[in-house]
Amino acid sequence: MFRVHTADTLPTRHEVAWLWEGMVAQGTLALLGGPGGVGKSTLVAALEVAVAAGLPFLEREVAQGEVIHVDFDTDARLQGPWYPRVAAGLGVNGEALKRIRYLEPEASTRGLTDEGLKALMEMARQGPALVVLDSWSAAFPFVDSRRSDHVAEVMAYLKEIARAGPGVLLLDHTPKPVQGLTALERGIAGSFYKLAGARSAFLLSRVPPKLVEGRDVLKLDTLKNNLAPLEDPLGIERIWSPEALAFSLTDLPEEEARPSKVELAKRAVLEVLEEGPRPRKDLIRLVAERANARERTTEEALRALVQAGAIERLTLGGQGGAVAYRLAGLPQAPLRDSAALRKTDFADEDGRMFSAKGFAENPELAENPPAPEGEVEVEL
Ligand SMILES: Nc1ncnc2c1ncn2[C@@H]1O[C@H](COP(=O)(O)OP(=O)(O)OP(=O)(O)O)[C@@H](O)[C@H]1O
Ligand SMILES: [Mg+2]
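Numbering-wise, the sequence shown is residues 43 to 422 according to the working numbering.
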């Protein structure tokens with residue numbers, strides 16, 4: 043059941059074979075998230091061509107090899123034209139494109155089935171350097187990204203495919219932007235379990251053009267990297283011409299160059315609440331663990347998130363007025379529907395139940411439920 047080693051016989055250093063130096067390692071799963079239309083597919087097409095040609099990409103070495111691109115998200119008419127265009131941007135001739143195999147699902151609406159995963163595993167064993175899967179939500183339309191067991195199962199399978207040799211890069215749409223929150227703050231849907239399964243994870247967002255003299259600049263944040271030190275975000279400029287699309291590194295404007303402590307705390311709050319509502323006390327502790335944030339920073343983040351309408355503050359009337367938070371904007375039935383409300387029941391660490399059942403059972407409240415604004419009062 044176990045292979046037992048004494049620690050003195052274990053490997054003494056991390057032998058990382060990078061596919062894309064410092065970013066994506068061979069044999070591992072990496073995640074690239076970003077809002078729709080931000081430029082994930084174009085960026086990844088350029089990385090694929092760089093791998094196929096064995097050329098550095100964004101000033102980082104790549105390992106040369108075959109590439110497999112599995113496209114559940116769009117189709118050949120949309121993705122195809124990017125290849126010659128980014129190849130021209132990299133100064134590569136069309137030969138390299140022969141080393142990229144573009145896989146178009148025959149029935150894309152069904153998503154990536156067991157059969158499809160097995161077929162991918164077979165291909166992964168034939169030694170490609172990079173497998174790109176575009177995208178999580180299109181490939182696994184029936185997986186609820188808030189269900190940890192579902193997400194973990196898919197991630198485990200993709201990790202198996204990576205273990206056969208290639209770097210596997212999974213593209214992911216980030217949740218709908220919430221006004222007042224940056225893409226980084228909003229993070230990746232179901233991020234906790236997706237991030238747990240990936241060795242490195244990145245978030246792509248667009249730098250407001252007014253901050254960069256109208257240029258087309260993307261920001262690539264590293265959310266996680268198990269194999270290299272965490273780095274500051276990269277500024278990536280896209281340079282368009284009729285025949286070519288080139289990518290090059292550029293400095294980010296000061297306000298984009300480094301996320302603030304409050305921004306990091308906001309992201310951690312949203313990640314934690316994705317798993318369900320939380321009493322304030324637990325939330326503060328979990329955010330401290332995740333983002334190394336002090337209580338005051340988390341408080342500030344919570345206030346900003348409530349104000350932005352991204353989360354709701356629940357107060358329990360009566361002694362102490364305990365406070366809890368939950369994500370706003372999740373499908374929620376009218377307040378008097380107790381079956382739906384039960385979904386928001388949860389216990390804190392002391393086993394105290396937070397329940398919203400009070401609405402349905404208290405006739406006065408059921409008749410006249412409080413408006414679900416920033417703050418929701420729950421009378422128990
Ligand atoms: N000729 C052009 N000049 C400038 N920008 C362009 C041009 N053609 C396309 N774009 C932009 O490039 C982006 C292409 O993005 P891409 O398809 O890579 O996004 P994505 O993140 O993969 O999106 P999705 O999540 O929808 O798959 C779009 O935002 C589009 O507006
Ligand atoms: Mg895309």
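The beta carbon of each residue, even a glycine, is placed where N, CA and C say it ideally should be.
Alpha carbon to alpha carbon, how far is residue j from residue i? Give it in angstroms, no decimals.
{"i": "V112", "j": "A49", "result": "40 Å"}
{"i": "G153", "j": "L315", "result": "28 Å"}
{"i": "A67", "j": "A59", "result": "6 Å"}
{"i": "G133", "j": "Y144", "result": "21 Å"}
{"i": "P295", "j": "G277", "result": "9 Å"}
{"i": "L5", "j": "Y235", "result": "In the structure displayed, the chain extends from 43 to 422; residue 5 sits before or after that span and is not available."}
{"i": "S177", "j": "P251", "result": "26 Å"}
{"i": "L61", "j": "A206", "result": "14 Å"}
{"i": "A335", "j": "L265", "result": "16 Å"}
{"i": "R424", "j": "Y125", "result": "Residue numbering for the chain in the displayed model covers 43 to 422; residue 424 lies beyond these limits and cannot be assessed."}
{"i": "A138", "j": "R119", "result": "19 Å"}
{"i": "R355", "j": "A330", "result": "19 Å"}
{"i": "T70", "j": "G122", "result": "26 Å"}
{"i": "V46", "j": "M197", "result": "26 Å"}
{"i": "T292", "j": "A105", "result": "23 Å"}
{"i": "A171", "j": "A346", "result": "43 Å"}
{"i": "G96", "j": "S150", "result": "31 Å"}
{"i": "L237", "j": "V249", "result": "24 Å"}
{"i": "A72", "j": "L226", "result": "17 Å"}
{"i": "R188", "j": "E195", "result": "13 Å"}
{"i": "V259", "j": "A364", "result": "45 Å"}
{"i": "P373", "j": "K308", "result": "With a pLDDT of 45 at P373, under the threshold of 50, the modelled position of this residue cannot be trusted; read the value that follows with caution. Those two C-alpha atoms are separated by around 21 Å."}
{"i": "Y199", "j": "T51", "result": "29 Å"}
{"i": "I142", "j": "M65", "result": "20 Å"}
{"i": "A333", "j": "R280", "result": "31 Å"}
{"i": "R102", "j": "L325", "result": "38 Å"}
Around the C-beta of residue i, are 16 or more other C-beta atoms found within 10 angstroms, so that it is buried, or is it exposed?
{"i": "P53", "result": "exposed"}
{"i": "K160", "result": "exposed"}
{"i": "M43", "result": "exposed"}
{"i": "Q168", "result": "exposed"}
{"i": "H56", "result": "exposed"}
{"i": "L358", "result": "buried"}
{"i": "K140", "result": "exposed"}
{"i": "P275", "result": "buried"}
{"i": "T339", "result": "buried"}
{"i": "F289", "result": "buried"}
{"i": "F99", "result": "buried"}
{"i": "L306", "result": "buried"}
{"i": "L272", "result": "exposed"}
{"i": "G256", "result": "exposed"}
Taking the alpha carbon of residue i as the reference point, which residue from the options has its own alpha carbon closest?
{"i": "M163", "options": "K140, K201, A194 and L139", "result": "K201"}
{"i": "S190", "options": "G239, L269 and N334", "result": "G239"}
{"i": "V348", "options": "K323, R368, A88 and L73", "result": "R368"}
{"i": "E63", "options": "R309, A204 and L89", "result": "L89"}
{"i": "T216", "options": "P208, I230, I203 and S290", "result": "I230"}
{"i": "V193", "options": "M65, E317 and R338", "result": "E317"}
{"i": "A299", "options": "T339, L253 and A310", "result": "L253"}
{"i": "S247", "options": "H47, V80, L73 and G69", "result": "V80"}
{"i": "E146", "options": "G136, D156, A181 and A166", "result": "A181"}
{"i": "V109", "options": "E103, V93, R102 and R338", "result": "V93"}
{"i": "E337", "options": "A352, K303 and A204", "result": "K303"}
{"i": "G78", "options": "A364, T116, D156 and E341", "result": "T116"}
{"i": "T155", "options": "V128, F114 and A166", "result": "F114"}
{"i": "E297", "options": "T224, G136 and R332", "result": "T224"}
{"i": "R322", "options": "A366, A343 and R102", "result": "A366"}
{"i": "G209", "options": "G75, T84 and G107", "result": "G107"}
{"i": "R127", "options": "I142, S283 and L325", "result": "S283"}
Excluding the 5 residues preceding and the 5 following residue i in the sequence, name in chain order all residues of the same chain whose CB lies nearer than 6 Å to its CB.
{"i": "V174", "result": "V86, H111 and L211"}
{"i": "K385", "result": "With a pLDDT of only 40 at K385, under 50, the local geometry of the prediction cannot be trusted, and no value is derived from it."}
{"i": "L328", "result": "V314"}
{"i": "G75", "result": "D214, T216, I230 and L245"}
Among residues of its own chain, excluding the 5 on either side of residue i, which ones have a beta-carbon nearer than 7 Å to its beta-carbon?
{"i": "N267", "result": "S242"}
{"i": "A130", "result": "E285 and A286"}
{"i": "L262", "result": "F244, L246, P275, L276 and I278"}
{"i": "D186", "result": "H192"}
Starting from residue i and walking both ways along the alpha helix (DSSP H), at which residues does that stretch end?
{"i": "G76", "result": "That residue, G76, is in no alpha helix (DSSP H); its beta strand (DSSP E) goes L71 to G76."}
{"i": "I230", "result": "Unbroken run through I230: none, as it is neither H nor E."}
{"i": "G153", "result": "Per DSSP, G153 belongs to no alpha helix (DSSP H) and is neither H nor E."}
{"i": "A366", "result": "Element bounds for A366: not the alpha helix (DSSP H) but the beta strand (DSSP E), V365 to L369."}
{"i": "E279", "result": "Taken as a continuous stretch (DSSP letters only), E279 belongs to no alpha helix (DSSP H), being part of the beta strand (DSSP E) at L276 to W282."}
Just to confirm the assignment, what range does the beta strand (DSSP E) spanning residue i have?
{"i": "K261", "result": "V259 to N267"}
{"i": "I203", "result": "Careful: I203 lies outside any beta strand (DSSP E), inside the alpha helix (DSSP H) at S190 to R205."}
{"i": "S242", "result": "S242 to R248"}
{"i": "V174", "result": "L172 to D176"}
{"i": "A288", "result": "L287 to T292"}
{"i": "L213", "result": "G209 to H215"}
{"i": "L61", "result": "W60 to W62"}
{"i": "V490", "result": "In the structure displayed, the chain extends from 43 to 422; residue 490 sits before or after that span and is not available."}
Leaving out the 5 sequence neighbours to the left and right, which residues in its chain are closer than 8 Å to residue i when beta-carbon positions are compared?
{"i": "I353", "result": "V311, L312, L315, L344, L347, Y367, R368, L369 and A370"}
* Asked: What does the shell around ligand 3 hold, if a residue joins when its beta-carbon is under 7 Å from any heavy atom?
  -> What this structure holds is ligand 1 and ligand 2, not ligand 3.
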